[in-house]
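Q:
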Ligand SMILES: Nc1ncnc2c1ncn2[C@@H]1O[C@H](COP(=O)(O)OP(=O)(O)O)[C@@H](O)[C@H]1O
Ligand SMILES: [Mg+2]
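Residue numbers (our numbering), protein chains in the order written: chain A, 51 to 295; chain F, 3 to 257.
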């Protein structure tokens, strides 16, 4: 019974390309990665053949771009009433949730894949560790999936895309920075160590940083995968609860 | 076996009861009209029959499939036109119907035949490649209808199918419903009395979430009967007012 997922996936993915928004988005993504990598990250000045300056900024880019990609997934359906049509077709809710998420994720994968000239450049200029770069790309995609799952769920709690976007940025920000010293210092003062550790363990930055350094720990992969599963489940619950109003 | 069985259906929104214990059955060949003022609970009842909203209490059975236990099986047998005929605005009718055909798992020759048939029945051939949001209201409604009848379902639920259409478009939609009537069980909702006379062979008057009266046409086109009330052709309005407001004609005149 995956037919419903495939149908929804195809519709959503072609929906991204139905308007110029997709191309604008991809151009913005490529421009920003370029600017971050070359100007802020000092790609050439570092004199090292790797893509670390490129990957380093992905969490911050995704923080704004993933809510933008996911905000319409459910809010739009609610606003136009097409959700009533969609959910009275003979599909299970989880098939629809999965199809929409996979479409947004694929769109992100396409944008990410289009950064390949950077990879070619760094391979031409030096002898980068290709394994580390592959890990970086896969880690980045996995992290993007985490952001998207969060934002897809939040898109289901409102029929207003702008609200969905703002909620997405806020929650993604919490997951991004939860392991940074700023946040941890704030809570260490009063919270028990176990809570501090838990909050730190949610951090996208820490886990993604390790992957970009070439340290692929199975626990980090499991973390992102279960995070995605959890938020997709929450997505289905949110759709079900908020269908009526 | 009745095609649609509704048993003591209730739906609350918070403390407000929108549908309050509605029961009825619909057989093949019936075009049942939900007649009622705005806010009567017609749409809410339809949303529960089509599986969009879960009932607070009660049961919906479509061709033997309980919607609570086998929602996908039940939904396969239903075609639904939601109020206002929502669709995906940026898609063309062709792409939209293809999507619905995909979700409904229509394949091969069957799929082609059903798509052609639905497109021909609602006559949207000329606008198939135009984005839906550029279409006129009449065409949008027809696209919604095409989607509802695409899989040639046994059960059709149409929420205000002619609302906002011009007289010619209304006539076309009513003709279509009558053409399909013999082989299906159809429910349409409306607050237009003439529509009931034009297409229905049975009708429920609904107000404040309850079925107040059930009626059908008298023999030889002599009008309609609702309980003890009889109405001459084109004179349903007085009966409708009396049943929904509970006032007699003399009370109305006095008021
Ligand atoms: N999601 C909802 N939340 C709260 N009240 C609702 C909701 N949907 C419908 N209602 C209320 O239920 C009543 C019946 O609505 P509806 O079924 O749409 O009526 P009809 O289709 O007969 O005009 C109305 O008073 C409406 O305001
Ligand atoms: Mg209504």
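Each residue gets a CB set at the ideal place from its N, CA and C atoms; glycine is no exception. Keep in mind that this is a model prediction, so the values were computed, not measured.
Could you give the C-beta distance for residue 213 of chain F and residue 24 of chain F, rounded to a whole number, given that I count them as a contact under 8 Å?
A: To locate residue 213 of chain F, count along the second chain from 1; it is residue 211. To locate residue 24 of chain F, count along the second chain from 1; it is residue 22. Residue 213 of chain F to residue 24 of chain F, Cβ: 6 Å. Contact.
Q: Among residues of its own chain, excluding the 5 on either side of residue 165 of chain A, which ones have a beta-carbon nearer than 6 Å to its beta-carbon?
A: Position 115 of the first chain holds residue 165 of chain A. Excluding sequence neighbours, residue 165 of chain A sits near 83.
Q: At 4 residues or longer, what runs of the alpha helix (DSSP H) sit wholly inside the region 166-227 of chain A?
A: The region 166-227 of chain A contains these whole alpha helix (DSSP H) runs: 166-175, 180-205, 211-227.
Q: Taking a cut of 9 Å between CB atoms, which residues from the region 132-149 of chain F lie near chain A?
A: Going along the region 132-149 of chain F in chain order, one finds 133, 146, 149 with a Cβ nearer than 9 Å to chain A.
Q: Check this for me: beta carbons of residue 209 of chain F and residue 38 of chain F, under 8 Å apart or not?
A: For the purposes of this step, residue 209 of chain F is taken as the residue at position 207 of the second chain. For the purposes of this step, residue 38 of chain F is taken as the residue at position 36 of the second chain. Closer than 8 Å, so yes.
Q: From the DSSP output, read off the bridge partner residues of residue 68 of chain F.
A: The residue you call residue 68 of chain F lines up with position 66 of the second chain. Partner(s): F:63.
Q: Going by beta-carbon coordinates alone, are residue 218 of chain A and residue 204 of chain A separated by less than 8 Å?
A: The residue labelled residue 218 of chain A in the question sits at position 168 within the first chain. The residue labelled residue 204 of chain A in the question sits at position 154 within the first chain. Result yes, Cβ atoms of residue 218 of chain A and residue 204 of chain A sit closer than 8 Å.
Q: Could you tell me whether the Cβ atoms of residue 139 of chain A and residue 28 of chain F are closer together than 8 Å?
A: As a first step, residue 139 of chain A is located in the first chain; it is residue number 89 there, counting from the start. As a first step, residue 28 of chain F is located in the second chain; it is residue number 26 there, counting from the start. No, the pair does not count as a contact, with Cβ atoms beyond the cut-off.
Q: Indicate, with yes or no, if ligand 2 has a heavy atom lying under 7 Å from the CB of residue 142 of chain F.
A: Translated into positions along the second chain, residue 142 of chain F becomes position 140. It does not: the Cβ of residue 142 of chain F is nowhere closer than 7 Å to a heavy atom of ligand 2.
Q: Considering only residues of the same chain and omitting the five flanking positions on each side of residue 267 of chain A, which have a CB-CB separation below 7 Å?
A: If you number the first chain from 1, residue 267 of chain A lands on position 217. 260.
Q: Return the CA-CA distance between residue 232 of chain A and residue 136 of chain F, expressed in angstroms with no decimal places.
A: If you number the first chain from 1, residue 232 of chain A lands on position 182. If you number the second chain from 1, residue 136 of chain F lands on position 134. Whole-angstrom Cα-Cα distance: 51 Å.
Q: By the 10 Å Cβ neighbour count, where 16 or more other Cβ atoms means buried, how is residue 52 of chain F classified, buried or exposed?
A: Walking along the second chain from the start, residue 52 of chain F turns up at place 50. With 16 or more Cβ atoms within 10 Å of its Cβ, residue 52 of chain F is classed as buried.
Q: Using the beta-carbon count (16 or more within 10 Å), is residue 109 of chain F buried or exposed?
A: Your numbering for residue 109 of chain F matches position 107 in the second chain. Label assigned to residue 109 of chain F: exposed.
Q: Which residues of chain F have a Cβ atom closer than 8 Å to the Cβ of residue 293 of chain A, listed in chain order?
A: Here residue 293 of chain A refers to the residue found at position 243 when the first chain is read from its first residue. Per Cβ cutoff of 8 Å: 54, 55.
Q: Compare the C-alpha of residue 165 of chain F against each of F:46, F:99, F:144 and name the closest.
A: The count along the second chain starts at 1 and reaches residue 165 of chain F at position 163. When each option's Cα is compared against that of residue 165 of chain F, the closest is F:144.
Q: If you drop the 5 nearest sequence neighbours on each side, which residues of the same chain put their C-beta closer than 7 Å to that of residue 284 of chain A?
A: The count along the first chain starts at 1 and reaches residue 284 of chain A at position 234. 203.
Q: Within the continuous alpha helix (DSSP H) that includes residue 155 of chain A, where are the two ends?
A: For the purposes of this step, residue 155 of chain A is taken as the residue at position 105 of the first chain. 143-163 is the extent of the alpha helix (DSSP H) around residue 155 of chain A.
Q: Tell me which residue opens and which closes the alpha helix (DSSP H) that residue 88 of chain F is part of.
A: Taking the first residue of the second chain as position 1, residue 88 of chain F is located at position 86. From DSSP, residue 88 of chain F is part of no alpha helix (DSSP H); its letter is neither H nor E.
Q: Determine which residues of the region 107-132 of chain F have a Cβ less than 8 Å from any Cβ of chain A, and write them out in chain order.
A: Within the region 107-132 of chain F, the residues whose Cβ lies closer than 8 Å to some Cβ of chain A are 107, listed in chain order.
Q: Pull out every residue of the region 116-146 of chain A whose Cβ sits closer than 7 Å to any Cβ of chain F, in chain order.
A: Those would be 130, 131, 132, 134, 135, 137, 138, 139, 140, 141, 142, in chain order.
Q: Does residue 206 of chain A come within less than 8 Å of chain F when only Cβ atoms are used?
A: Your numbering for residue 206 of chain A matches position 156 in the first chain. Residue 206 of chain A does not count as touching chain F.
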